[in-house]
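In this text, residue positions in the sequence shown follow full-length UniProt numbering: the first is 1, and each later residue adds one.
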Amino acid sequence: MGPAGRSTPPTGPLRRLRTPRRPRIWFEILLIAVSYWVYSLIRNAVPEQKAQAMANADWIWEAEQRLGIAVEHGVNHAVNSVTWLIVGMNYYYATLHFVVTLGVLVWLYRRHPGRYAAARTVLFATTAVALVGYYLYPLAPPRLMNGQHFIDTVLVHQTWGSMASGDLKHMSNQYAAMPSMHIGWSLWCGLTIFALASVPWAKVLGLLYPALTLVVIVATANHFWLDAVGGLACLLFGYLVARLCYGALPKGLPQQVPDDRREATAPPAAAPTPPVPGPARSTEPPPAEEHPVPSPTGPGPRGATALTRASPEPSPAPAPES
1 MGPAGRSTPP TGPLRRLRTP RRPRIWFEIL LIAVSYWVYS LIRNAVPEQK
51 AQAMANADWI WEAEQRLGIA VEHGVNHAVN SVTWLIVGMN YYYATLHFVV
101 TLGVLVWLYR RHPGRYAAAR TVLFATTAVA LVGYYLYPLA PPRLMNGQHF
151 IDTVLVHQTW GSMASGDLKH MSNQYAAMPS MHIGWSLWCG LTIFALASVP
201 WAKVLGLLYP ALTLVVIVAT ANHFWLDAVG GLACLLFGYL VARLCYGALP
251 KGLPQQVPDD RREATAPPAA APTPPVPGPA RSTEPPPAEE HPVPSPTGPG
301 PRGATALTRA SPEPSPAPAP ES
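As structure tokens, then:
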């Protein structure tokens, strides 16, 4: 803190980070692609620890039963009985997780460039801390539990595109259910849209998206309710990181940033022309007016006329009395 309780302005890398600048499109594409590749690599490289993951799933299920929120089994079977609905949810789970998230990033880049970097930092920090959860707390999804009779809806309805079931399951870590990044990412999308969108219907969609995602992850037996709580905790961590890095949440930052290219090509502004110095004006009163009068001795040798100060002529002296 500075004098009078004022905060000290950031310096060094933090100051550079907080300086508004327009994101570079190719850098952002490369950054997102590499980051997701690293995330998938680390997530799938975490030891499966099947026995521990199954034990943790049993504990989560028992904890939810004690809390009275263990309704995943009923939701899973009820939705599975409506073929068109569960098939739609299977495709929702497999695709929108990526499509909507990338769409929100593009929208931020185009419409809110001043807030893009901070919002992207929230997403990246949320995803990074989730990797810690996958390593420290391996968890089997409900569809893989023994003896609980959850339905693997992807297998039953032969839905295309999910890496969580079928032949593609070997390409993904099956025991990385806690925390749920379907919830972490959908909450990030929904809150970002709700906070920054200017039209009411978009704000409503922003709130509905994570709510519907919560129903989908439970109906497809891919997550417990408590996995969603873990995703929420990761998102809160992401917002904290962005707040520390940028000094404000994304909504508190300016929407636009100066266009550096325009500023670089714009001609410099002409400097104001300084006033031309003139003769100094005297502050003394003007001298008394002078008039040429003939010299009493007559013209000088060159016939010059003497300049004398004009004054009244003296009156003649009075004649002496006789």
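Here a beta-carbon is modelled for each residue, glycine too, at the ideal position from N, C-alpha and C.
Subject >> CB contact flag (ALA242, VAL122, <8 angstroms) >> reply: Walking along the sequence shown from the start, residue 242 turns up at place 242. Walking along the sequence shown from the start, residue 122 turns up at place 122. For ALA242 and VAL122, yes; Cβs fall inside 8 angstroms.
Original post:
Does DSSP put LEU155 in a helix, in a strand, or in coil?
Top reply: Taking the first residue of the sequence shown as 1, we reach residue 155 at position 155. Helix at LEU155.
Original post:
For GLN255, which residues of its own chain have a beta-carbon under 6 angstroms away from its beta-carbon, when the five flanking residues on both sides are left out?
Top reply: Within the sequence shown, the letter at position 255 stands for residue 255. For GLN255, where only same-chain residues beyond five positions count, the Cβ hits under 6 angstroms are HIS112, GLY114.
Original post:
If we count the other Cβ atoms within 10 Å of its Cβ and call it buried at 16 or more, is ALA117 buried or exposed?
Top reply: Mapped onto the sequence shown, residue 117 falls at position 117. Buried is the call here.
Original post:
Does the Cβ-Cβ distance between GLY133 and GLY238 come in under 8 angstroms?
Top reply: Position 133 of the sequence shown, counted from the first residue, corresponds to residue 133. Position 238 of the sequence shown, counted from the first residue, corresponds to residue 238. Result no, Cβ atoms of GLY133 and GLY238 do not sit closer than 8 angstroms.
Original post:
Where does PRO301 fall in DSSP's three states?
Top reply: Taking the sequence shown and counting its residues from 1, one reaches residue 301 at position 301. Any reading at PRO301 needs caution, since the residue's pLDDT is 47, under 50, leaving its predicted position unreliable; the model's value is listed next. Of the three classes helix, strand and coil, the one that applies to PRO301 here is coil, per DSSP.
Subject >> N-terminal and C-terminal residue of the alpha helix (DSSP H) that LEU214 is part of >> reply: For the purposes of this step, residue 214 is taken as the residue at position 214 of the sequence shown. Start and end: 200-219.
Subject >> the segment 187-200 contacting the segment 136-151, beta-carbon criterion three pairs below 8 angstroms >> reply: no
**OP:** Using alpha carbons as the reference points, say which of MET89, THR127, TYR209, SER81 lies closest to TRP37.
**Re:** Here residue 37 corresponds to residue number 37 of the sequence shown, with the count starting at 1. The shortest C-alpha separation from TRP37 is found at THR127.
Original post:
How about VAL75 and ALA195: are their beta carbons less than 8 angstroms apart?
Top reply: Counting from one through the sequence shown, the residue named residue 75 turns up at place 75. Counting from one through the sequence shown, the residue named residue 195 turns up at place 195. In this structure, ALA195 does not lie closer than 8 angstroms to VAL75 by Cβ.
Subject >> Nearest residue (CA-CA) to LEU212, options ASP58, ARG120, LEU96, LEU226 >> reply: One-based indexing of the sequence shown puts residue 212 at position 212. That would be LEU96, whose Cα lies nearest to the Cα of LEU212.
**OP:** Put LEU235 into one of helix, strand or coil per three-state DSSP.
**Re:** The count along the sequence shown starts at 1 and reaches residue 235 at position 235. Note: LEU235 maps to helix in three-state DSSP.
Original post:
So is GLY5 buried or exposed if we call it buried at 16+ other beta carbons inside 10 Å?
Top reply: Position 5 of the sequence shown, counting from 1, holds the residue named residue 5. In this prediction, GLY5 has a pLDDT of 48, which is less than 50 and means its spatial position is unreliable; what the coordinates show is noted afterwards. It is exposed - the Cβ of GLY5 has fewer than 16 other Cβ atoms within 10 Å.
Original post:
In terms of DSSP beta bridges, what is LEU139 paired with?
Top reply: Taking the sequence shown and counting its residues from 1, one reaches residue 139 at position 139. BP columns for LEU139 point to ALA176.
Subject >> Unbroken alpha helix (DSSP H) run spanning ILE183, endpoints >> reply: Looking up residue 183 in the sequence shown gives position 183. First-last of the alpha helix (DSSP H) with ILE183: 181-196.
**OP:** Give me the Cα-Cα distance between MET178 and TRP61, rounded to the nearest whole angstrom.
**Re:** Working through the sequence shown from its first residue, we reach residue 178 at position 178. Working through the sequence shown from its first residue, we reach residue 61 at position 61. The alpha-carbon atoms of MET178 and TRP61 are separated by roughly 13 angstroms.
Subject >> Per-residue burial, ILE69 [other beta carbons within 10 Å of its own, 16 or more giving buried] >> reply: By one-based count along the sequence shown, residue 69 stands at place 69. ILE69 is exposed by the Cβ-count criterion.
Original post:
Just to confirm, are HIS182 and ILE217 a CB contact at a threshold of 8 angstroms?
Top reply: Taking the sequence shown and counting its residues from 1, the one referred to as residue 182 is at position 182. Taking the sequence shown and counting its residues from 1, the one referred to as residue 217 is at position 217. With respect to the 8 angstroms criterion, HIS182 and ILE217 are classified as neighbours on the basis of their beta carbons.
**OP:** In angstroms with no decimal places, state the Cα-to-Cα distance between ALA53 and ARG22.
**Re:** Here residue 53 refers to the residue found at position 53 when the sequence shown is read from its first residue. Here residue 22 refers to the residue found at position 22 when the sequence shown is read from its first residue. If you take the alpha carbons of ALA53 and ARG22, they lie about 44 angstroms apart.
Subject >> Proximity below 8 angstroms, CB of VAL154 to CB of ASN80 >> reply: On the sequence shown, position 154 is the one that residue 154 refers to. On the sequence shown, position 80 is the one that residue 80 refers to. The answer is no: Cβ separation not under 8 angstroms.
Subject >> Span of the alpha helix (DSSP H), counted from its first residue to its last, around MET54 >> reply: The count along the sequence shown starts at 1 and reaches residue 54 at position 54. DSSP places MET54 inside the alpha helix (DSSP H), whose first and last residues are 50-67.
**OP:** Specify the secondary structure class of GLY147 as computed by DSSP and reduced to three states.
**Re:** Working through the sequence shown from its first residue, we reach residue 147 at position 147. GLY147: coil per DSSP, three-state reduction.
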